[in-house]
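Trainee: Protein chains in written order, with UniProt numbering: chain A, 1 to 492; chain B, 1 to 492.
Note that the Cβ used here is the ideal one computed from N, Cα and C, for glycine as well.
2 protein chains.
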Amino acid sequence: MAAMQIPPETFLIDRKSVLPLQVQLRRQIVLAVHERRLQPGERMPSSRALATHLGVGRITVTQAYGDLVATDYLSARGRSGYFVSDRVEDLADDPAPAPPLARFDWAARLDGRNLAARRKDRPTDWRSYPFPFLYGQTDDRLIDLAAWRECAVRALGRRDFGALSHDQYDGDDPELVDFIIRHLLPRRGIKARPEEVLLTMGAQNALWLICAILLGRGETLAMEEPGYPGLHEILATLRANLVPVPIDQDGLPPEAVPEGVSVVFTSPSHQCPTNRTMPRARREALLGMAAARGFVVIEDDYEFEISFSGATSPALKAMDRSGAVIYIGSFSKSVFPGLRLGYIVADPAFVAEARALRGMMLRHPPGHVQRTMAYFLSLGHYDRQLKRMREAYAERRQVTAAALDRHGLDKGTPGGRGGSSFWLRVPTGLDSDVLARTLKPQGVLIEPGRPFFRGGEAGAAFYRLAYSSIAAQEIDEGIARIARTCRTLAAD
Amino acid sequence: MAAMQIPPETFLIDRKSVLPLQVQLRRQIVLAVHERRLQPGERMPSSRALATHLGVGRITVTQAYGDLVATDYLSARGRSGYFVSDRVEDLADDPAPAPPLARFDWAARLDGRNLAARRKDRPTDWRSYPFPFLYGQTDDRLIDLAAWRECAVRALGRRDFGALSHDQYDGDDPELVDFIIRHLLPRRGIKARPEEVLLTMGAQNALWLICAILLGRGETLAMEEPGYPGLHEILATLRANLVPVPIDQDGLPPEAVPEGVSVVFTSPSHQCPTNRTMPRARREALLGMAAARGFVVIEDDYEFEISFSGATSPALKAMDRSGAVIYIGSFSKSVFPGLRLGYIVADPAFVAEARALRGMMLRHPPGHVQRTMAYFLSLGHYDRQLKRMREAYAERRQVTAAALDRHGLDKGTPGGRGGSSFWLRVPTGLDSDVLARTLKPQGVLIEPGRPFFRGGEAGAAFYRLAYSSIAAQEIDEGIARIARTCRTLAAD
């Protein structure tokens, strides 16, 4: 950020105070300098502007400024005005602040919640690691930034902006909804009307909204084990009951869903984290069971767009004739994750409820972001970007499989039409937490398996190796390091 | 949106189906045309591209296309390819869809929630009304759209985008946080460190997060009466107890806060909806009471930036030495409401908890929107826009006051250093709901008073008249219509 002209509004006068106005102003400036809120070289407001703002005589300001020049806080540059002096670097640091009153006991007030304590530890500087086999981030080189920028500029044109600058309360951008309905959902075999679609701040937000509505009064949700750790966190926060259902080579076995469950969560096209696909017969069985037992099915259709060996199977939602399926889609993996845009497709009564809750929680995803996405889709950029990602991921998948083979590591189960990760076993006797910890200083990031399991130690034997964020040419060396580390740990 | 080239991914083949591939493809195209998902003039995928995508022979596609030309669904234009025919307008509408299975009973499943039923009725087409005296929207003419666009383009430059395209989990843009701390908060007398600041999707999102953390286990919140209706809704959803505290000419009287309250919500600089300012002595008393009784104070500092008669009084948070105050700020009124960006300033333990909950609900406000805001601030556009808004609102306030006087309507209590609305009494004997309803067909929108009151009929005597969305030259006629309607209703 460029050094700026300091606006007059930075300063306040308290007329009720016993201190003279000039003293107050001087003290404020001094304090601001000590606290680094005013930086050397920044330009102070003109004495006229500051006097006007504070409602004091101009002489008050000029005298304060003069004092501060004499004490080296400011420097005067003739007609250019007053600047924060470069000499302030030499000044003593903050004087001891006034002793506080007894502090409000936030620890006691928040006791029993402690969401912050439960959070997973994610390295935010992952981009500085040379071998980041992390899921859910994207390789900048695959994103058509120029196209996104062009669409953003269009969406901020006067015609569109007039519609988007306003608080839309709980509405959605009709152009984006229209595109999703006419062009995206049919690719999954889904037909939907506008009242069956709700935009969200990404799949995470969709999942939160759905669970907040359906759970929280002692209901039980069944989900795949291993499964999506983010859902574990949401359910713990809502104090909902969770039944983990161990999967087999075809994903979730419907017959293993116990009685009394009111919601089933599944990612049938591409199971998280194992990438397995649920066959058609199972999908029909699950839907039949939902109709018979009256439970809701949440379908997380993440990653369907980056399948790269032929057309994917239709979504579960496409086969849903009773309205029991709530479908979650997202643009995070196909556009960029920081975008935070996704959607729910469900029965209109549920969508109305979710819309009202979303409105209460955050009103709506920013309108200009929605419109930018609508342009990105309708101008064909989305499809071109998907194609580019698919090709890059297909190459990286090949390279990864070859490297795992070459270095003698588990290659995972075959199949999986795409996606961006492998679900792998560590060598017998090793612990994936230990492996991940040992790899980190070597510049390699992997995802250990425990968080994907609701309970027990089963996850110690697994890890996820994603290739969405690592260039093809780095993969072999990263995997070589994994193999070496495994051998070292096995020898201990 | 321009008519587009239809991508091959729009179509699916189900290899398990008993229907021949060509028949499936023809049926899909026919269905898509009937359902208006394919529009006249749109261009079909080339037979080669579609065949490749579906994994079928090219002849299958060409034959299907040929059949559809013969039946007028498609037209062939030689080398240009195949297009959806203009003749489809004549085709019969959707055939009756397959009868559904028994529908999932969503009404029963959602019974007891019914957020959707509780929602206030807001006209989303308010912009088409000539006299919209509505609060919270903005006049497009006051927004420097070109400047915002320029900042958005910068934020989408490669340097910034590399940082912003990624999922930031629950982090915030450090540049925006830095600007808020160094330049915005000091204008309210607030000193804060980065760990005391959390960005949100606007003030609504901030309020939701705070209430979700502090309430919901039977606690009680006290708030001003009349007060902000959005908070009534949030508390009802969280099933928290609400104690309304009637205000006087100086806002919330601290001595009227009953025992046993664990949170007090107040907008002391500019009370919603009466615009009254809480004097310094009361602020000190409230903070003293908070320290003595151990309750949290939520300060909603909305609209401080559009005060236009001199410097505003410091925020309550500026006087908070125990950390009991949670401060809410927002860019909605000063930038544009559809932006959805705001912030919380509070004790680090509370901020950490709120950050974790925000992360679980929606991860983070979109990174590129945060960075655009950082540029908008640091390049001085924000301050220029504020100045423009203040001048426009000051003029409109004068015009409104004069018109109310001229037409013999209540002018509200004097004072109120700014803001964008009047809180007014209807003539004796009238009901503001009836007044609002009667004004609507005349093109005038006002906000009746009942929603601002937690209980009883006190609100029937009041209405809010905002001038943020109506041009100065329209105000007099709008108020003339209000006056005429009042006379008509009084005569009934």
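If the criterion is Cβ atoms closer than 7 Å, does the pair Q204/A and R363/B meet it?
Mentor: If you number the first sequence from 1, residue 204/A lands on position 204. If you number the second sequence from 1, residue 363/B lands on position 363. The answer is yes: Cβ separation under 7 Å.
Trainee: In its own chain, which residues sit with a C-beta less than 6 Å from the C-beta of A392/A, not counting the 5 before and 5 after it?
Mentor: Within the first sequence, numbered from 1, the residue matching residue 392/A stands at position 392. The answer, listed in chain order, is L142.
Trainee: Tell me the residue span of the beta strand (DSSP E) that contains I328/A.
Mentor: Against the first sequence, residue 328/A aligns to sequence position 328. That run of the beta strand (DSSP E) goes V325 to S330.
Trainee: Following the continuous beta strand (DSSP E) through N241/B, name the residue where it begins and the one where it ends.
Mentor: Locating residue 241/B in the second sequence gives position 241, where the first residue counts as 1. N241 to P246 is the span of the beta strand (DSSP E), which, as asked, contains N241/B.
Trainee: Which runs of the alpha helix (DSSP H) fall wholly inside the segment 195 to 248 of chain B and span at least 4 residues, in chain order?
Mentor: 203 to 214 and 229 to 238
Trainee: If we ignore side chains and look at the alpha-carbon of each, how far apart do E284/B and M319/B end up?
Mentor: Taking the second sequence and counting its residues from 1, the one referred to as residue 284/B is at position 284. Taking the second sequence and counting its residues from 1, the one referred to as residue 319/B is at position 319. Rounded to whole angstroms, E284/B to M319/B spans 8 Å at the Cα level.
Trainee: Is the distance from the Cβ of A281/A to the Cβ of V257/A below 7 Å?
Mentor: Along the first sequence, read from residue 1 onward, the residue named residue 281/A stands at position 281. Along the first sequence, read from residue 1 onward, the residue named residue 257/A stands at position 257. Going by C-beta atoms, A281/A is not nearer than 7 Å to V257/A.
Trainee: What residue range is occupied by the uninterrupted beta strand (DSSP E) comprising D300/B?
Mentor: If you number the second sequence from 1, residue 300/B lands on position 300. Note, D300/B: beta strand (DSSP E), V296 to D300.
Trainee: With H, G and I counted as helix, E and B as strand and the rest as coil, what does DSSP make of D93/A?
Mentor: Within the first sequence, the letter at position 93 stands for residue 93/A. Only weak support exists for where D93/A lies, its pLDDT of 49 falling under 50; the value from the coordinates is given anyway. Coil.
Trainee: Would you say D250/B lies against chain A (beta-carbon separation less than 7 Å)?
Mentor: If you number the second sequence from 1, residue 250/B lands on position 250. It does not: the Cβ of D250/B has no partner Cβ on chain A nearer than 7 Å.
Trainee: Kindly indicate if chain B contains any beta-carbon less than 7 Å away from that of I29/A.
Mentor: Within the first sequence, the letter at position 29 stands for residue 29/A. Taking Cβ atoms only, chain B never reaches closer than 7 Å to I29/A, which makes this a no.
Trainee: Provide the residue span of the alpha helix (DSSP H) that contains Y375/A, from first to last.
Mentor: Reading the first sequence from its first residue, position 375 is the one you call residue 375/A. Taken as a continuous stretch (DSSP letters only), the alpha helix (DSSP H) holding Y375/A covers G367 to S378.
Trainee: If the cut-off is 9 Å on Cβ atoms, which residues from the segment 476 to 492 of chain A count as contacting chain B, listed in chain order?
Mentor: none
Trainee: Secondary structure at F104/B, three-state DSSP: helix, strand or coil?
Mentor: Walking along the second sequence from the start, residue 104/B turns up at place 104. Coil, per DSSP.
Trainee: Is the segment 429 to 447 of chain A in contact with the segment 395 to 412 of chain A, if contact means three or more CB pairs nearer than 8 Å?
Mentor: Touching, no, given that fewer than three Cβ pairs across the two stretches are closer than 8 Å.
Trainee: Could you work out which residues of chain A lie near H183/B, taking near to mean beta carbons separated by less than 7 Å?
Mentor: Against the second sequence, residue 183/B aligns to sequence position 183. Neighbours of H183/B on chain A, chain order: T10.
Trainee: Under the rule that 16 or more other beta-carbon atoms within 10 Å means buried, what is residue 494/A, buried or exposed?
Mentor: Since the first and last residues shown for chain A are 1 and 492, residue 494/A lies out of range.
Trainee: Can you tell me which of the three DSSP states V263/B falls into?
Mentor: As a working note, residue 263/B is residue 263 in the second sequence. DSSP places V263/B in the strand class (E or B) of the three-state scheme.
Trainee: Mind listing the chain A neighbours of R141/B? Cutoff is C-beta to C-beta under 8 Å, in chain order.
Mentor: Here the question's residue 141/B lines up with position 141 in the second sequence. What R141/B touches in chain A: nothing, since even the nearest Cβ is about 10 Å away.
Trainee: Could you tell me whether the segment 325 to 342 of chain A touches the segment 294 to 301 of chain A, using the rule of 3 or more Cβ pairs below 8 Å?
Mentor: yes
Trainee: Comparing alpha-carbon positions, which option in T200/A, H34/A and G189/A lies nearest Y73/A?
Mentor: Within the first sequence, the letter at position 73 stands for residue 73/A. Of the listed residues, the one whose Cα sits closest to Y73/A is H34/A.
Trainee: In terms of alpha-carbon separation, which member of L386/A, R425/A, G443/A and A374/A lies closest to P174/A?
Mentor: Within the first sequence, numbered from 1, the residue matching residue 174/A stands at position 174. Answer by Cα proximity: A374/A.
Trainee: Measuring only between beta-carbons, confirm whether P366/B sits less than 7 Å from chain A.
Mentor: Here residue 366/B is taken as the residue at index 366 of the second sequence, counted from 1. Chain A contact via Cβ: present.
Trainee: Could you check what DSSP says for I344/A in three-state terms: helix, strand or coil?
Mentor: Numbered from its first residue, the first sequence carries residue 344/A at position 344. Here I344/A sits in strand by DSSP.
Trainee: Starting from the beta carbon of T138/B, find every residue of chain C whose beta carbon is closer than 9 Å, and list them in chain order.
Mentor: Although the question refers to chain C, the structure presented lacks it and instead comprises the protein chains A and B.
Trainee: Return no unless some Cβ of chain A is closer than 7 Å to the Cβ of M4/B.
Mentor: Taking the second sequence and counting its residues from 1, one reaches residue 4/B at position 4. At least one chain A Cβ lies under 7 Å of M4/B.
Trainee: Quick check on D170/A: buried or exposed, where buried means 16 or more other Cβ atoms within 10 Å of its Cβ?
Mentor: Here the question's residue 170/A lines up with position 170 in the first sequence. The residue is buried, with at least 16 neighbouring Cβ atoms inside 10 Å.
Trainee: Cα separation between S75/B and L31/B?
Mentor: Sequence index remark: in the second sequence, residue 75/B carries index 75 (1-based). Sequence index remark: in the second sequence, residue 31/B carries index 31 (1-based). Rounded to whole angstroms, S75/B to L31/B spans 17 Å at the Cα level.
Trainee: For T237/B, which residues in chain A fall below 7 Å Cβ to Cβ?
Mentor: Sequence index remark: in the second sequence, residue 237/B carries index 237 (1-based). Chain A residues near T237/B: M360.
Trainee: Under 7 Å, do T266/B and N241/B count as touching if we go by C-beta distance?
Mentor: Counting from 1 along the second sequence, the entry for residue 266/B is found at position 266. Counting from 1 along the second sequence, the entry for residue 241/B is found at position 241. Cβ distance not < 7 Å, so T266/B and N241/B don't count as in contact.
Trainee: Run through chain A and tell me which residues come within less than 8 Å of M223/B, C-beta to C-beta.
Mentor: Counted from its first residue, the second sequence places residue 223/B at position 223. Within 8 Å Cβ-Cβ: nothing; M223/B doesn't reach chain A, min ~16 Å.
Trainee: Is there at least one Cβ from chain B nearer than 7 Å to F350/A's Cβ?
Mentor: Position 350 of the first sequence, counting from 1, holds the residue named residue 350/A. Closer than 7 Å: yes.
Trainee: If you run the structure through DSSP and keep just helix, strand and coil, what is Y382/A?
Mentor: Looking up residue 382/A in the first sequence gives position 382. Helix.
Trainee: Between the alpha carbons of L235/A and G455/A, how many angstroms are there, rounded?
Mentor: Here residue 235/A corresponds to residue number 235 of the first sequence, with the count starting at 1. Here residue 455/A corresponds to residue number 455 of the first sequence, with the count starting at 1. Computed Cα separation, rounded: 14 Å.
Trainee: Mind reading off the beta-carbon distance from S322/B to F295/B? Whole number of angstroms is fine, and I expect it under 8 Å.
Mentor: For the purposes of this step, residue 322/B is taken as residue 322 along the second sequence, with counting starting at 1. For the purposes of this step, residue 295/B is taken as residue 295 along the second sequence, with counting starting at 1. So it is not a contact: roughly 11 Å between Cβ atoms.
Trainee: Could one say the Cβ of V345/A lies closer than 7 Å to chain B's Cβ atoms, at least one of them?
Mentor: Reading the first sequence from its first residue, position 345 is the one you call residue 345/A. Not closer than 7 Å to any Cβ of chain B, the Cβ of V345/A fails to qualify, so no.
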